[in-house]
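Trainee:
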Amino acid sequence: MMIGQSVQNHRDEVSERGEPTAPPLMHVEDLRVRYRNGAIGVHGISFDVFPGSVVALFGPNGAGKTTTLRAVSGFVRSEGSRVVNGEVVLAGHNVTNSPPHKMARRGVSLVSERRKIFPNMTVHDNLRAMKTRVPKRRQIELTEQIDDMFPTLLSRRQLAAGRLSGGQQQMLALARGILSDPKLLLIDELTMGLHHSLHESLFDAVRRISNAGTAVVVVDESAGLALQMADYCYLMANGRVVQSGPRSLFEDQAMVAGGYVDGREAEQ
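This is the structure:
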C-alpha cells in the first residue's frame, strides 16, 4: 500500500458520537513504570491507539512522555527500569515488559529522540540494515515511498550519515523506522533542535505514513503542528494523563502551551 493512499480504518469506523467502534491496535491500561533508582516515572496512565490514527502526547519536560514510549516499545528495560503495574496489549496480545526485539517482530518501531542513526555508515547502508525481515516486494514499495517523501536522501545515498545536516539525519531516522514496515510507529521528539522551516515537512511525512495505514504516536515540542496533525491527544504532567480527547478539544492552543510549560496549569 503506497503512502498517500486514503486508508480510513480508524476514521471511518467511528460511531455517530465520534467514538471509535473498531478495537484499538494498542491498548495501554493503568501503566506504572519504576526507574532503576526506585522512583516512579509514570503513574497509572491509560490510552488507546487505533489503526491509521495519529496520537500526540503533550506535556512539559519530565512529564513522562519519553518513558511512556520506551515502556510500550520495550526499551525501558534496557535502562534497568520496568513496568510494575498495568498492561500493554498489542493486537489482542499482552506484551507488557516484552523486550524490544519481540516488539519489533510484532510491528512496533521506535524512532528515538536525538536522531539515532549509524553516523559512520552511508545513508544507503543505514536504510538497508532495516530491511532484513521485510519481504523483497515490500522493501521495494517502502523504498519508493521514502524516496518520494525524502528526495534529499536519494541524492545522498553514498554519503556517510554523520555528514548529513540535522534535518536530514532526522529524515533518515524516520525513514529507517518506516523501512521496518511497522504497524505502530512511535516517534520521540520529531523536530527537537531543528530549524522551524523543517518542521512542516516532517509532520507532513508523519501524516502520509498514517494515511497509508500505520498508527503513529508522536511526542514533539512543536505543540501547534503536532496538534494540527493529531486525531487524538493526551496531555501529561508529572507522569500522569491530566487531559485527553480529540484534537477539537485541544484547539485552544493556550491550554496545550500552558500544559507544556507548566504541568501544574494543566491540572487546574
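Add 1 to the 1-based position in the sequence shown for the working numbering, that's all there is to it. Every residue gets a Cβ at the ideal spot worked out from N, C-alpha and C, and that includes glycine.
1) How far does the beta strand (DSSP E) with residue 191 in it extend, from its first residue to its last?
2) Based on the DSSP output, what are the partners of residue 247 in its beta bridges?
3) Just verifying my parser: in three-state terms, what is the DSSP assignment at residue 123?
4) On a Cα-Cα basis, can you pick out the residue from 205, 198, 216, 103 that is closest to residue 74?
5) Which term fits residue 187, buried or exposed, when burial requires 16 or more other beta carbons within 10 angstroms of its beta carbon?
6) As an exercise, report each continuous beta strand (DSSP E) stretch of at least 3 residues that is fully enclosed by the region 175 to 224, in chain order.
7) Which residue's Cα is closest to the Cα of residue 126: 205, 52, 177?
8) Are three or more beta carbon pairs between the region 41 to 53 and the region 214 to 223 nearer than 8 Å?
9) Check residue 76 in the structure and name its three-state DSSP category.
10) Looking only at its chain, what residues have a beta carbon closer than 6 Å to the beta carbon of residue 87, apart from the 5 residues adjacent to it on each side?
11) Would you call the CB atoms of residue 143 and residue 118 closer than 9 Å?
12) Would you check if the distance between the CB atom of residue 91 and the CB atom of residue 107 is smaller than 9 Å?
13) Leaving out five residues on either side along the sequence, give the residues of the same chain with a beta carbon under 6 Å from the beta carbon of residue 252.
14) Helix or strand or just coil, what does DSSP make of residue 159?
15) Among residues of its own chain, excluding the 5 on either side of residue 48, which ones have a beta-carbon nearer than 6 Å to its beta-carbon?
16) Can you tell me where the beta strand (DSSP E) with residue 143 in it begins and where it stops?
17) Have a look at 230, 220, 185 and flag the residue whose alpha-carbon is nearest the alpha-carbon of residue 202.
18) Taking DSSP as the reference, what is the three-state secondary structure of residue 70?
19) For a test of the three-state rule: what should DSSP assign to residue 45, helix, strand or coil?
20) What ranges does the alpha helix (DSSP H) occupy inside the region 87 to 113, keeping only unbroken runs of at least 4 residues that lie completely in it?
Mentor: Walking through what the data contain:
1) The count along the sequence shown starts at 1 and reaches residue 191 at position 190. Note, residue 191: premise wrong, no beta strand (DSSP E); not H, not E.
2) Looking up residue 247 in the sequence shown gives position 246. Paired residue(s): 233.
3) Your numbering for residue 123 matches position 122 in the sequence shown. It is a strand residue.
4) By 1-based counting over the sequence shown, the position of residue 74 is 73. Comparing Cα-Cα distances from residue 74 to each of 205, 198, 216, 103, the minimum goes to 103.
5) The residue labelled residue 187 in the question sits at position 186 within the sequence shown. Label assigned to residue 187: buried.
6) Entirely contained in the region 175 to 224, the beta strand (DSSP E) runs reaching 3 residues are, in chain order, 185 to 189, 216 to 220.
7) Position 125 of the sequence shown holds residue 126. Ranking 205, 52, 177 by Cα distance to residue 126 puts 177 first.
8) The region 41 to 53 is in contact with the region 214 to 223.
9) Within the sequence shown, residue 76 is the residue found at index 75, counting from 1. If DSSP states are grouped into helix, strand and coil, residue 76 belongs with the helices.
10) Taking the first residue of the sequence shown as 1, we reach residue 87 at position 86. So the qualifying residues of the chain are 30, 31, 32, 33.
11) Along the sequence shown, read from residue 1 onward, the residue named residue 143 stands at position 142. Along the sequence shown, read from residue 1 onward, the residue named residue 118 stands at position 117. For residue 143 and residue 118, no; Cβs fall outside 9 Å.
12) The residue given as residue 91 occupies position 90 in the sequence shown. The residue given as residue 107 occupies position 106 in the sequence shown. Between residue 91 and residue 107, the C-beta spacing is below 9 Å.
13) Position 251 of the sequence shown holds residue 252. Taking residue 252 as the centre and dropping the five residues before and after it, the same chain places no C-beta closer than 6 Å to its C-beta.
14) Start at 1 with the first residue of the sequence shown, and residue 159 comes out as number 158. Coil.
15) Numbered from 1 along the sequence shown, position 47 holds the residue referred to as residue 48. Its chain contains 29, 235 as the residues whose beta carbon lies nearer than 6 Å to that of residue 48, once the 5 sequence neighbours on both sides are disregarded; these appear in chain order.
16) Sequence index remark: in the sequence shown, residue 143 carries index 142 (1-based). Judged by DSSP secondary structure, residue 143 falls outside any beta strand (DSSP E) and instead within the alpha helix (DSSP H) spanning 137 to 150.
17) Taking the first residue of the sequence shown as 1, we reach residue 202 at position 201. Taking each of 230, 220, 185 in turn and checking the Cα distance to residue 202, the smallest one comes out for 230.
18) Taking the sequence shown and counting its residues from 1, one reaches residue 70 at position 69. Correct three-state label for residue 70: helix.
19) Position 44 of the sequence shown, counting from 1, holds the residue named residue 45. In the three-state reduction of the DSSP assignment, residue 45 falls in the strand class, which pools E and B.
20) Counting only runs of 4 or more, we get 101 to 106.
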